[in-house]
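Counting in full-length UniProt numbering, the sequence shown runs from 1 upward without gaps.
A short worksheet on the structure shown next.
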Amino acid sequence: MSKEIRSPRPYTSEAECLQYHSQLFSTFAAGKTKSIKWRKWQLKQMWWMLVDNEKAIAEALAADLGRHEFEALTSDLHGLKTDILEHLNHVEEWAADEPVASAGFLMGTLGKARIRKEPLGVVLVIGAWNFPFLLTLQPVIAAITAGCCVVVKPSELSVASQNLMQDLVGRYLDPEAIRLVTGGPQETTKLLELKFNHIFFTGSTKVAKFVAAAAAKHLTPTVLELGGQGPAIVTAKADVDLAAKRIAYAKFLNAGQICLSVNHVFVDPEVHDTFVQRLHHWTQRFSGGESSHICKIVNKRNFERLSGLLEETSGNVFQASGNGGGNILSPTVVTEVGINDSLLSEELFGPICPVLKATYKDAVRQTSSGPHPLAIYIFSSDRSEIDYVLKNTISGGVTINDVLMHYGVPGAPFGGVGDSGQGYYHGKYGFMAFTHQRTILEMPTWMDKLMAFQYPPFDMKNMSNFVVKNNLGFHRGETMEDQVVGGDRSWLWAGTGVLVASAIGIAVKDRQSIQGILF
1 MSKEIRSPRP YTSEAECLQY HSQLFSTFAA GKTKSIKWRK WQLKQMWWML VDNEKAIAEA
61 LAADLGRHEF EALTSDLHGL KTDILEHLNH VEEWAADEPV ASAGFLMGTL GKARIRKEPL
121 GVVLVIGAWN FPFLLTLQPV IAAITAGCCV VVKPSELSVA SQNLMQDLVG RYLDPEAIRL
181 VTGGPQETTK LLELKFNHIF FTGSTKVAKF VAAAAAKHLT PTVLELGGQG PAIVTAKADV
241 DLAAKRIAYA KFLNAGQICL SVNHVFVDPE VHDTFVQRLH HWTQRFSGGE SSHICKIVNK
301 RNFERLSGLL EETSGNVFQA SGNGGGNILS PTVVTEVGIN DSLLSEELFG PICPVLKATY
361 KDAVRQTSSG PHPLAIYIFS SDRSEIDYVL KNTISGGVTI NDVLMHYGVP GAPFGGVGDS
421 GQGYYHGKYG FMAFTHQRTI LEMPTWMDKL MAFQYPPFDM KNMSNFVVKN NLGFHRGETM
481 EDQVVGGDRS WLWAGTGVLV ASAIGIAVKD RQSIQGILF
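Shown next as structure tokens:
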């Protein structure tokens, strides 16, 4: 990789940002990006951008994070490629008008009620440094599929990735509709003063609050993809070796710098010692004792933050190997950790794994007492234990007997809740994040004669046209215990069909009963 790619460049000037902002609003107003052909073209351009530059992307990730080529290709590039193919395959289907199935005869059949999927407009995507290509370009793919113009702001902390992305976006994607800008906190603050139609931010909860506050000044909707202190809960009925192996993997991958990573582990006292032994084993094996296989901490500030937390902990510290130079922190297991330990004072975002003794019920109580995490990982072979954790916790997502995997479920939404984020993306959910659902109804003009009773002067005799009947058959005085959950509801659909058919017949005979076919 050239020194020029790895070296800091001047940031995009304020004048350039204003120029791009104005240009993209003009492009969107002209309707260029609403074309399905444009969307397909840009998605394919993104595909070739990735395919043509795999080696350069892997080198940039190695320069920024010390990432092994295998890890770079499987984490950042694989996810982007599969996303592009899914969006290409479904863009016409997702963008098509959707009939409103429950609109009834009047509004559905006669009024042609439908939902039109319209792009929100000019959007801002602010990416993260830990997976600089994946977490920056994945929302861009969704925005393109939705038909939006995009201002792309990669993280300045991953310098090589930022610089390479700047070159590639300018070379492969449509400059009339997609612009990449660079900058630090000061430049980003100025950028957020501009009005956008949507902002998609991936990063820390602390920075997200500034983004949300800036967006609120323009009533701009946001998706905030954040993180949190996501626990793993290992019960006495878990496959302990498998749990240790997969948790060690999560802490080793990208040096634990993953919003979804295991922050700390609650282990049942009955299996604690065995778990710790196996966790030591897998941590040592995955690190291989060679710092060349360990991703580095992104910068000195974060390295010193993690080192400081380790110095302050009251737990027993075990490192797989000695720390190397260049901000490399060896995967570290810390046992005998208390709930008030320094290691639990914040999201770790590093290769440190605190282990706490706790039953799964105690783990649930501790987890529920804090901010909602982005993920919870449950290791157990007992369905009642799993259901207890699911029922009594709130998190963005859950993986059972594995780590990280729910992130990649095809067709499923990904996002946080509370302090771990708001909004969703991935697949169609990403498309919808950048889409306005516009309800359209075409009422026939001849219907006005049948609807004359709705106009002033009002006559209470016409109230019969607005009666909402209890066709579900519930009764006054029912208690919570009287409620029936589940069971056969086919009678409801059959009854609805009879009501609709009857209403249509009545409407033909008596125009005063037209209200009866609204439902």
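Note that CB positions come from ideal geometry on N, CA and C, so glycine has one too.
Small disclaimer: the values here were computed from a predicted structure and weren't measured.
Our contact map puts residue i next to residue j with C-beta atoms below 8 Å; I'd like the distance itself, whole angstroms only.
{"i": "E98", "j": "I36", "result": "With a Cβ gap of about 15 Å, E98 and I36 do not count as contacting."}
{"i": "L73", "j": "F133", "result": "About 11 Å; that fails the 8 Å criterion."}
{"i": "L472", "j": "N254", "result": "Between N254 and L472 the Cβ distance is about 52 Å, and since that is not below 8 Å, they are no contact."}
{"i": "G127", "j": "Y11", "result": "Not quite, the Cβ-Cβ distance comes to about 15 Å (not below 8 Å), so this is no contact."}
{"i": "K296", "j": "G326", "result": "6 Å"}
{"i": "P119", "j": "T439", "result": "16 Å between Cβ atoms; not a contact."}
With distances taken from CA atoms, which of the options is nearest residue i?
{"i": "L279", "options": "V398, A232 and T12", "result": "A232"}
{"i": "P373", "options": "K357, G397, S381 and R365", "result": "G397"}
{"i": "S158", "options": "T145, A146, W41 and N130", "result": "N130"}
{"i": "G370", "options": "K469, G418, A358 and R67", "result": "G418"}
{"i": "Q437", "options": "T12, S22 and G121", "result": "G121"}
{"i": "F70", "options": "L85, Q186, S342 and E54", "result": "E54"}
{"i": "M447", "options": "D482, T109, S102 and T367", "result": "T109"}
{"i": "K153", "options": "D52, A103, T136 and A62", "result": "T136"}
{"i": "T359", "options": "T235, T367, H293 and A320", "result": "T235"}
{"i": "residue 520", "options": "S204, S368 and F466", "result": "In the structure as shown, the chain begins at 1 and stops at 519. Residue 520 is therefore absent and cannot be evaluated."}
{"i": "V267", "options": "C17, L18, F379 and L61", "result": "F379"}
{"i": "D76", "options": "G230, S420, Q483 and A56", "result": "A56"}
{"i": "F286", "options": "R476, L348, T145 and Q319", "result": "Q319"}
{"i": "F25", "options": "G147, I5 and P8", "result": "G147"}
{"i": "G227", "options": "K32, T445, M460 and G421", "result": "G421"}
{"i": "L61", "options": "V298, F458 and G487", "result": "V298"}
{"i": "P221", "options": "K190, G288, G423 and L450", "result": "G423"}
{"i": "A248", "options": "E442, V51 and V333", "result": "V333"}
Specify the secondary structure class of residue i as computed by DSSP and reduced to three states.
{"i": "V91", "result": "helix"}
{"i": "D83", "result": "helix"}
{"i": "G497", "result": "The pLDDT assigned to G497 is 47, lower than 50, so where the model puts this residue is not dependable; a value taken from the coordinates is nonetheless given after this. Note: G497 maps to helix in three-state DSSP."}
{"i": "T188", "result": "helix"}
{"i": "A375", "result": "strand"}
{"i": "N392", "result": "coil"}
{"i": "I178", "result": "strand"}
{"i": "Y20", "result": "helix"}
{"i": "Y424", "result": "coil"}
{"i": "K117", "result": "strand"}
{"i": "E98", "result": "strand"}
{"i": "A15", "result": "helix"}
{"i": "V467", "result": "coil"}
{"i": "A232", "result": "strand"}
{"i": "L77", "result": "helix"}
{"i": "P410", "result": "coil"}
{"i": "N316", "result": "strand"}
{"i": "L224", "result": "strand"}
{"i": "L43", "result": "helix"}
{"i": "F349", "result": "coil"}
{"i": "K206", "result": "helix"}
{"i": "E399", "result": "With the sequence shown as reference, residue 399 is identified as Thr, and Glu is not the correct amino acid for it. Strand at T399."}
{"i": "I5", "result": "helix"}
{"i": "P139", "result": "helix"}
{"i": "Q162", "result": "helix"}
{"i": "F133", "result": "coil"}
{"i": "L450", "result": "coil"}
{"i": "F266", "result": "strand"}
{"i": "V211", "result": "helix"}
Between which residues of its own chain and residue i is the CB-CB distance below 8 Å, once the five residues before and five after are set aside?
{"i": "Y425", "result": "Q138, P139, A142, F200, V223, E225, P413, F414, G415 and A433"}
{"i": "L173", "result": "Q42, Q45, M46 and M49"}
{"i": "Q162", "result": "P132, P154, S155, E156 and T182"}
{"i": "K361", "result": "Y388"}
{"i": "K251", "result": "S261, V262, T283, P331, P351, I352 and C353"}
Apart from the five residues just before and just after residue i, which ones in its own chain have a Cβ nearer than 6 Å to its Cβ?
{"i": "V169", "result": "L180"}
{"i": "L124", "result": "V151, F196 and I199"}
{"i": "I178", "result": "V150"}
{"i": "G430", "result": "A142"}
{"i": "E346", "result": "none"}
Please confirm whether any heavy atom of the ligand ADP lies closer than 8 Å to the CB of residue i.
{"i": "T136", "result": "Looking for the ligand ADP in the displayed structure turns up nothing, as the structure carries no ligands at all."}
Leaving out five residues before and five after residue i in sequence, what residues of the same chain have Cβ atoms less than 7 Å from its Cβ?
{"i": "G308", "result": "none"}
{"i": "T274", "result": "V240"}
{"i": "P269", "result": "K357"}
{"i": "Y20", "result": "V151, R179 and V181"}
Contact criterion: CB-CB distance below 9 Å. Does residue i meet it with respect to chain D?
{"i": "S158", "result": "The chain inventory of the structure shown lacks chain D, comprising one protein chain alone."}
Hey, is the region 296-315 in contact with the region 333-351, meaning 3+ C-beta pairs nearer than 8 Å?
Taking 8 Å as the limit for Cβ pairs, the verdict is that the region 333-351 does touch the region 296-315.
State whether the region 353-369 contacts the region 200-211, with contact taken as three or more CB pairs (one from each stretch) at a distance under 8 Å.
no
Decide if the region 188-200 is in contact with the region 386-405; the criterion is three or more beta carbon pairs, one per stretch, under 8 Å apart.
no
Could you check whether the region 270-284 touches the region 235-244, counting it as contact only if at least three pairs of C-beta atoms, one from each stretch, sit closer than 8 Å?
The region 270-284, when compared against the region 235-244, does touch it at the 8 Å Cβ threshold.
Would the region 373-383 and the region 256-267 be scored as touching if the rule is three or more Cβ pairs under 8 Å?
By the C-beta criterion, the region 373-383 is judged to be in contact with the region 256-267, since at least 3 inter-stretch pairs fall below 8 Å.
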